[in-house]
Amino acid sequence: MGVLLGRGRKTNRYKKKKKSPEQAMAPCDRKRLLSRDMAMDLGTANTLIYLKGEGVVLHEPSVVAYDTKSMEVLAVGEEAKSYLGRTPFNIKVVRPMANGAIEDFEITQVMIRELMGRVQKMGKFIKPKAVVCVPAGITQVEEQAVVKAAAEAGIGRLFLIEEPIAAAIGAGLDIDKNRGQMVVNIGGGVTDIAVLTLSSVAYSKTIRLGGDTMTRALMEHLLERHSMQVGENSAERCKIAAGSAAPVGGLAPYTVSGKDAVTSIPRVLLLNPDEVREAIQEPLQQIVGAVKEALEQTPPELVTDIAEDGIHLTGGGAMLRGLGMVIEKQTSIRCNLAEDPLTTVVKGTGKALENIKFYKKVFV
Ligand SMILES: Nc1ncnc2c1ncn2[C@@H]1O[C@H](COP(=O)(O)OP(=O)(O)OP(=O)(O)O)[C@@H](O)[C@H]1O
Ligand SMILES: [Mg+2]
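All letters in the sequence shown, in the order written, are residues 0 to 363 by numbering that gives the first Met the number 0.
Next up, the structure:
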């Protein structure tokens, strides 16, 4: 991917596709003509934006499609994701974030700018303040990349907040309490496990796998067991429709479409939910193992608190059926799934933006 990006060139090689008159009119209504402070969850799978005083205004896949010849950006977000696995040679579809960190700097910056531009007018002089969440175990280099990408995309003052803290705030927990609270945020490419008390992290562990790792495990399984190649979007739909962490009952067999890996002939396969569950077990067990390890490393008083309140699950990956049951069975602690797991982090980041003074000690 690096080769395609023309590293070392001074200028941004990406040209923005011209907007249709409808598109040009759509993104900014009157009240958004001045840049507004915002919160952003720049995730491996999805990017969400929260505007101050307004709430969550954008939820799009973190995907960009561009023409490799003209370097023109063709689509960002949902439309780009729909191109995955369906493009001609000259079009490349990329996810610029990998496992919670920026993998492709230039494309990430283009993506942030485009998505911000959809929800408000970006002024040259008045730059919005932003709170952006980052995985708890992010390296300094990765953190610097976020700071730089945000600045180049037009953000003025930037505050960073760790994803599990944002998740806790978004889940409505009182993080100021003198009480241990465990949050497990399972995203697309990262799982953050944190024990919080007194607005600080008593223990945290980041493992670089999540829901997308399960999707890939399913794709690999289909290739190895059935000699069948399936696109990422199809595999994700199959995981969501027929996947589970434990036998849950009531799941119907799912027909997945793809092509034969040897003959390239189109194929369909009726998959039993038991098989989908088996296919995603490895990454799932790594997540459960990391939760158990976190409990081992946490002091007994805090574990007692966690046992009383339950483990709080957030992030899209946590929506896998039966996941809470599996954690519960292996830790003997009840799990609470957040109300809307895909938006918990951005809502918590937004709450921190609305109350910057109150939350100032939690910013990185
Ligand atoms: N109903 C569902 N069942 C199982 N998995 C789901 C469901 N809905 C979404 N997912 C998975 O959730 C993941 C995306 O979650 P989320 O948007 O929280 O990730 P992210 O914040 O972009 O990633 P990260 O935090 O790792 O950078 C994807 O892997 C997606 O397949
Ligand atoms: Mg996330």
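Think of the CB as a built atom: it goes at the ideal place given N, C-alpha and C, for glycine as much as any other residue. On a predicted model such as this, the values are computed, not experimentally measured, just so you know.
Between the CA atoms of residue j and residue i - distance to the nearest angstrom
i, j, result
"residue 120", "residue 34", "6 Å"
"residue 42", "residue 186", "8 Å"
"residue 364", "residue 38", "The structure shown has nothing for residue 364, since the chain only spans 0 to 363."
"residue 353", "residue 267", "49 Å"
"residue 350", "residue 342", "12 Å"
"residue 65", "residue 331", "48 Å"
"residue 304", "residue 291", "16 Å"
"residue 357", "residue 115", "26 Å"
"residue 20", "residue 344", "Because residue 20 sits at a pLDDT of 46, beneath the cut-off of 50, its placement in the model cannot be relied upon, and the following sentence gives the value as read from the coordinates. If you take the alpha carbons of residue 20 and residue 344, they lie about 34 Å apart."
"residue 239", "residue 118", "29 Å"
"residue 203", "residue 313", "15 Å"
"residue 208", "residue 51", "31 Å"
"residue 360", "residue 47", "23 Å"
"residue 77", "residue 63", "9 Å"
"residue 154", "residue 104", "15 Å"
"residue 108", "residue 244", "36 Å"
"residue 146", "residue 134", "14 Å"
"residue 95", "residue 259", "29 Å"
"residue 173", "residue 163", "13 Å"
"residue 326", "residue 339", "19 Å"
"residue 249", "residue 74", "38 Å"
"residue 49", "residue 348", "8 Å"
"residue 97", "residue 167", "23 Å"
Cβ-based burial, residue i [other Cβ within 10 Å; buried from 16]
i, result
"residue 171", "exposed"
"residue 346", "buried"
"residue 320", "buried"
"residue 254", "exposed"
"residue 293", "buried"
"residue 88", "exposed"
"residue 125", "exposed"
"residue 30", "For residue 30, the predicted structure reports a pLDDT of 48, less than 50, and the residue's modelled location is therefore unreliable. The matter cannot be settled from this model."
"residue 25", "With a pLDDT of 45 at residue 25, under the threshold of 50, the modelled position of that residue is not reliable, and no figure is offered here."
"residue 263", "exposed"
"residue 140", "exposed"
"residue 197", "exposed"
"residue 67", "exposed"
"residue 138", "exposed"
Whole-number beta carbon distance between residue j and residue i, since they are thought to touch under 8 Å
i, j, result
"residue 80", "residue 60", "4 Å"
"residue 288", "residue 257", "Rounded, the Cβ-Cβ distance is 31 Å, inconsistent with contact."
Where the beta strand (DSSP E) containing residue i begins and where it ends
i, result
"residue 388", "Because residue 388 is not part of the residues shown, which for the chain are 0 to 363, the question remains open."
"residue 182", "180-185"
"residue 189", "Premise fails: residue 189 is in no beta strand (DSSP E) and is neither H nor E."
"residue 310", "310-313"
"residue 258", "253-259"
"residue 266", "265-270"
"residue 206", "199-206"
"residue 53", "It is not in any beta strand (DSSP E) - residue 53 carries neither H nor E in the DSSP assignment."
Range covered by the alpha helix (DSSP H) that runs through residue i
i, result
"residue 109", "104-118"
"residue 85", "Element bounds for residue 85: n/a, residue is neither H nor E."
"residue 157", "Premise fails: residue 157 lies in the beta strand (DSSP E), 157-161, not in any alpha helix (DSSP H)."
"residue 330", "322-330"
"residue 214", "210-225"
"residue 93", "Not the alpha helix (DSSP H): residue 93 falls in the beta strand (DSSP E), residues 90-93."
Quiz: which residues have CB nearer than 5 Å to ligand 2 non-hydrogen atoms: Of all residues, those with a beta-carbon under 5 Å from at least one heavy atom of ligand 2 are 42, 186, reported in chain order.
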